[in-house]
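See below for the structure under consideration.
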Ligand SMILES: [Zn+2]
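Residue numbers (the numbering used here): 736 to 1142.
Pasting the structure below:
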């Protein structure tokens, strides 16, 4: 008789000294077939595995385990894998929303961003996600209509909305800050940083929602979802000029009016990334084309140009813009932005002066702008610009700007 032992190693040995040991080849055969022996046949191994899992889940904790998995991903440079995934899946505007698309791209040490797939379209709205020892800091969480995509992106990287510690708002427009109240409701300790001019409208959004409703009408819900007020205790007021130390990261705050009178930018000291919201325009395709989003009510071209100067002075390595993503060619991007800001402002003025009828003025502006945009980007990309900042809204903002100046 031979006895089989499977712990600690699979082996076959003679039961008594009067039997010959098995030839080596038989032992090797058993080793090769070891996968066919179910693990539960081996009591010792089964008990060891069970106690290991119990230890991992109840002593180490599920959340800590998820965090360890994330560190391993970072350690083994998994972000490159996600970049490839996003490049393959995220560029296709016709692809339906799916889990594989809800991944984040890494743009710096501990800095990632999520594509919120606004209205199912990629590359329209981005949220920056900063990781630190205390959890996550988000720059512009986007509209509430994209909250599920944001959550899914975080979960796919081992986080959740409960891990968010701070929300840094560049400004309070619904496509940037609409989900703020919903996140605070789920996670009541979140600190919300916002410019002092915008803060009152986060606490009492009645005026903000009334003016947005005038612009978007019945489309409000479909576009932006529910806008919840933010309790005053969560608000941290900014003026510009502060140095924030959030989540072990130093961020300089700069006041950047022009697109909105309450717009700020955040300059990350360690990564060299400047989170500039809408100040450096929208750049959705690969082309060097940056279009200013100019919705009402407080477009100011002169202040906007001063804000661009301020960004230049700080010499960031990367511009992170909400519509859409990171751009490293900072100087040429800003040059292109100023060129298109002037062109767009001139087209608006010409449309105002050439027509009397308000509808005819807007139609002329939209027609000329479509031709102008398609001179610089493909027709498919041009439709994404229209999603991020509809030309009708851009017209209203610029017309208001010129009318205030007596045109
Ligand atoms: Zn905006």
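The C-beta atom is built at its ideal place from N, Cα and C for all residues, glycine as well.
In this text the structure is predicted, and so the values were computed from the model without any measurement.
Distances taken from the Cβ of residue 936 to the heavy atoms of ligand 1 include none shorter than 6 Å. DSSP places residue 1009 within a strand segment (E or B) once states are collapsed to three.
Shown here, residue 853 sits in a helix according to DSSP, grouped into three states. Taking C-alpha positions only, residue 963 is separated from residue 927 by approximately 13 Å. Exposed is the label assigned to residue 945, since fewer than 16 other Cβ atoms lie within 10 Å of its Cβ. Residue range 999 to 1003 is occupied by the beta strand (DSSP E) that includes residue 1003. Unbroken alpha helix (DSSP H) runs of no fewer than 4 residues, entirely contained in the segment 908 to 993, are found at 909 to 912, 915 to 921, 934 to 938, 941 to 951, 955 to 959, following chain order. Residue pairing by DSSP places residue 1056 opposite 1012, 1060 in a beta bridge.
Here the residues close to ligand 1, judged by CB distance below 7 Å to any of its heavy atoms, are 906, 908, 910, 911, 994, 995, 1012, 1013, 1028, 1030 in chain order. If you check the CB distance, residue 880 and residue 849 do not come in under 7 Å.
Of 977, 1031, 1023, the smallest CA-CA separation from residue 1068 is found for 1023. Rounded to the nearest whole angstrom, the CA to CA distance from residue 1104 to residue 1082 is 8 Å. Using a C-beta cut-off of 8 Å, the segment 1027 to 1034 makes contact with the segment 991 to 1004, since at least three inter-stretch Cβ pairs fall below that distance. Less than 7 Å divides the Cβ of residue 905 from the Cβ of residue 875. Beyond the five residues adjoining it in sequence on each side, residue 863 comes within less than 6 Å, by CB distance, of 848, 874, 1010, 1055 in the same chain, given in chain order. Around the C-beta of residue 919, 16 or more other C-beta atoms lie within 10 Å, and the residue is accordingly described as buried. If you check the CB distance, residue 1025 and residue 1072 come in under 7 Å.
Residue state for residue 1029 is assigned as coil, using DSSP reduced to three classes. Residue burial is scored here from C-beta neighbours: residue 960 has at least 16 other C-beta atoms within 10 angstroms and is therefore classed as buried. For residue 842, the uninterrupted beta strand (DSSP E) run begins and ends at 839 to 843, by DSSP.
Setting aside the 5 residues that flank it on each side, residue 967 is surrounded in the same chain by 938, each with a C-beta closer than 8 Å to its C-beta; the list follows chain order.
In the DSSP assignment, residue 862 falls within the unbroken beta strand (DSSP E) covering 861 to 867.
When secondary structure is reduced to three states using DSSP, residue 905 falls in the coil class, being assigned neither helix nor strand. The beta carbon of residue 866 is closer than 7 Å to those of 845 in its chain, skipping five residues each way along the sequence. Around the CB of residue 965, 16 or more other CB atoms lie within 10 Å, so the residue is classed as buried.
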